[in-house]
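Take a look at the structure set out below.
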Amino acid sequence: MINIAVMGYGTVGSGVVEVIRTNGSLINERVQDEIYVKYVLDLRDFPGDPVEEILTHDFDTILNDPEVAIVVETMGGIEPAYTFVKKCLEAGKSVATSNKALVAKHGAELLEIAREREINFMFEASVGGGIPIIRALNSSLTADRIDEVIGILNGTTNYMMTKMFFEGADYAEVLKEAQDKGYAERNPEADVEGHDACRKIAILTSLISGQHVDFEKIHTEGITKITTEDMKYAKKLNMAIKLLASSKRVGDTFSVLVAPMLLSEEHPLCNVNDVFNAVFVRGNMLGDAMFYGSGAGKLPTASAVVADVVDAAKHLHRNVVTRWDAGELELIPNAEAEHRFFVRVQGRSETQKEQIREAFGSVEIVETEGLEDEFGFITEVMTEGTYSKKAEAFPEIIHMIRLAD
228 MINIAVMGYG TVGSGVVEVI RTNGSLINER VQDEIYVKYV LDLRDFPGDP
278 VEEILTHDFD TILNDPEVAI VVETMGGIEP AYTFVKKCLE AGKSVATSNK
328 ALVAKHGAEL LEIAREREIN FMFEASVGGG IPIIRALNSS LTADRIDEVI
378 GILNGTTNYM MTKMFFEGAD YAEVLKEAQD KGYAERNPEA DVEGHDACRK
428 IAILTSLISG QHVDFEKIHT EGITKITTED MKYAKKLNMA IKLLASSKRV
478 GDTFSVLVAP MLLSEEHPLC NVNDVFNAVF VRGNMLGDAM FYGSGAGKLP
528 TASAVVADVV DAAKHLHRNV VTRWDAGELE LIPNAEAEHR FFVRVQGRSE
578 TQKEQIREAF GSVEIVETEG LEDEFGFITE VMTEGTYSKK AEAFPEIIHM
628 IRLAD
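So the sequence shown is numbered by my numbering: it starts at 228 and just counts up by one.
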């Protein structure tokens, strides 16, 4: 028997217990041993819930029990999760977590402790919910040099962008609808400002580079400035607007960005809609591959956590190597990142296009019905810094959106 403890009995934590109870015989067959939930840690009481018999309010009960081999952390946030997880690892207990904030900030340190103790720190569910992208990068794709990872990593914003695109609804409408359906929090900032996706792409870039990526140094923009007018232009261009988290290899480092971008209809990510997530990977030998599925939700996320529990159970007292060192990766400065830009301008194209071409070079003028007092244009590839400098001379610019390659 392999005893585990679950720290945090919220949405994901209760899902972990449910997955183990529902699929217990299947899981035990695959581990060739019995996975048994010995403790559930939470500050709350759950009268009438089956976990009432194994509920504890004291972390030390788990820490000091030598029979607990694997600990699941689903509390979220940095503290007390960081302190609890670190102590568990130092005590020789493997940990599986869904906590992206913890992994993005302390992943390298916690992996090092696990390596030293010949145990494991696993975090499949921290990126993409139920999509098995971490395991793919760690094992299936280890023969490849990964040159690009670009993904739709936040279900809330993808749901909102889908509604705005197909139904013509404005930002405020779709945000309220997302909140009413439980897709968005009452305070939606982490989702709509891109912070959630930023932490996730930091984790993925750390894994493919082998060095720590500071998420606070990633240029991040959310979807709050996207309008119905932007969506009209996207349709005119046979494109879609998605909040993308992008990481591209440039020499010995990476250019990393989180922002709304225009995707051509031929791109595999273009038709990923509603609350679904997807990660597009390009390797130097593999070529292109895409991982698609539920990026959030109780059971998909819990399934990924339990998969880590199974992996840890198969490797008790043996570390599964994850390449992510504490040395920080110096990212390409955002001003040096290269893109094409779609730009909306107030006024008529006839009176301004020559001036625009003089400043921006060869551009494609874009006009669409119902927007007679403005037009758009698409630039050639240029750096962010070059674009910003040129844009300063045009107070008529309404909005800019980058194009994804």
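Think of the CB as a built atom: it goes at the ideal place given N, C-alpha and C, for glycine as much as any other residue.
Three-state secondary structure (DSSP) of S589
Secondary structure at S589: coil, using DSSP grouped into helix, strand and coil.
What does the alpha-carbon distance come out to for the pair P415 and E400?
Going from the Cα of P415 to the Cα of E400 covers about 14 Å.
Would K173 be called buried (16 or more neighbouring beta carbons within 10 Å of its own) or exposed?
With the chain covering only 228 through 632, there is no way to say anything about residue 173.
Under a Cβ-count criterion, where at least 16 other Cβ atoms within 10 Å of its own Cβ denotes burial, should A523 be classed as buried or exposed?
buried
Pick from T595, T455, I379: whose alpha carbon is nearest that of D418?
For the residues T595, T455, I379, the minimum Cα distance to D418 belongs to I379.
By alpha-carbon positions, which one of D423, H542, E456 ends up nearest to L484?
Closest in alpha carbon position to L484, among D423, H542, E456, is D423.
Decide if M228 is buried, meaning its Cβ has at least 16 other Cβ atoms within 10 Å, or exposed.
exposed
Inter-stretch contact (C-beta, 8 Å, three-pair minimum) for the stretch 335-349 and the stretch 567-585
Not touching, per the Cβ criterion.
What separation, rounded to the nearest whole angstrom, lies between the Cα atoms of E591 and V502?
Looking at the two C-alpha atoms, the distance is approximately 33 Å.
Is DSSP giving D479 helix, strand or coil here?
coil
Got a sec? Which residues, its chain only, sit under 7 Å from I625 by beta carbon, not counting five neighbours each side?
Within the same chain, I625 has close Cβ partners R571, V572, Q573, E601.
I want to check one thing, is the minimum distance from the CB of S366 to the heavy atoms of the ligand PLP below 7 Å?
Inclusion of the ligand PLP in the displayed structure is not the case, the ligand content being empty and no account of it being possible.
Residues bridged to Q438 by DSSP?
D552
Buried versus exposed call for T301 [16 or more other C-beta atoms within 10 Å across all chains shown]:
buried
Using CA atoms only, rank isn't needed, just tell me which of A323, Y614, T606, T369 is closest to A232.
A323
Evaluate the contact criterion for the stretch 347-359 versus the stretch 317-331: three or more CB pairs, one atom per stretch, below 8 Å.
yes
Taking the alpha carbon of G382 as the reference point, which residue from Y266, D371, I358, L364 has its own alpha carbon closest?
Of the candidates Y266, D371, I358, L364, the one whose C-alpha sits nearest the C-alpha of G382 is I358.
I'd like to check one pair, S353 with S325: are the Cβ atoms closer than 8 Å?
Going by C-beta atoms, S325 is nearer than 8 Å to S353.
Compare the beta carbon distance of Y263 and V295 with 8 Å and say whether it is the shorter of the two.
no
Boundaries (first-last residue) of the alpha helix (DSSP H) holding S633:
Because the chain here runs from 228 to 632, residue 633 falls outside it and cannot be looked at.
Classification of L253 by the beta-carbon crowding that lies within 10 angstroms, buried from 16 upward:
exposed
State the DSSP-derived secondary structure class of S241, mapped to helix, strand or coil.
If DSSP states are grouped into helix, strand and coil, S241 belongs with the helices.
Check the DSSP bridge columns for D515 and list the partner residues they point to.
R509
Nearest residue (CA-CA) to H566, options L558, D407, M627:
M627
Check the C-beta distance from V299 over to M234 and give it rounded, since I have them as a contact under 8 Å.
7 Å
Quick one: what does DSSP say S433 is sitting in, helix, strand or coil?
helix
Using a threshold of 8 Å, state whether the C-beta atoms of D371 and M488 are closer than that.
no
DSSP three-state label for D397, please.
Per DSSP, reduced to three states, the secondary structure at D397 is coil, with no helix or strand assignment.
Just mark K452 as buried or exposed, buried being the case when its beta carbon has 16 or more other beta carbons within 10 Å.
exposed
Would you kindly check if the distance between the Cβ of E448 and the Cβ of G421 is under 8 Å?
yes
Between the CA atoms of I247 and K525 - distance to the nearest angstrom
13 Å
Exposed or buried, what is E581 when buried is set at 16 or more other beta-carbons lying within 10 Å of its beta-carbon?
exposed
Would you call L270 buried or exposed, if buried means 16 or more other Cβ atoms sit within 10 Å of its Cβ?
exposed
Is the separation between the beta-carbon of S491 and that of M458 shorter than 8 Å?
no
Quick one: measure Cβ to Cβ for A529 and G242, integer angstroms, because I've assumed they're closer than 8 Å.
With a Cβ gap of about 3 Å, A529 and G242 count as contacting.
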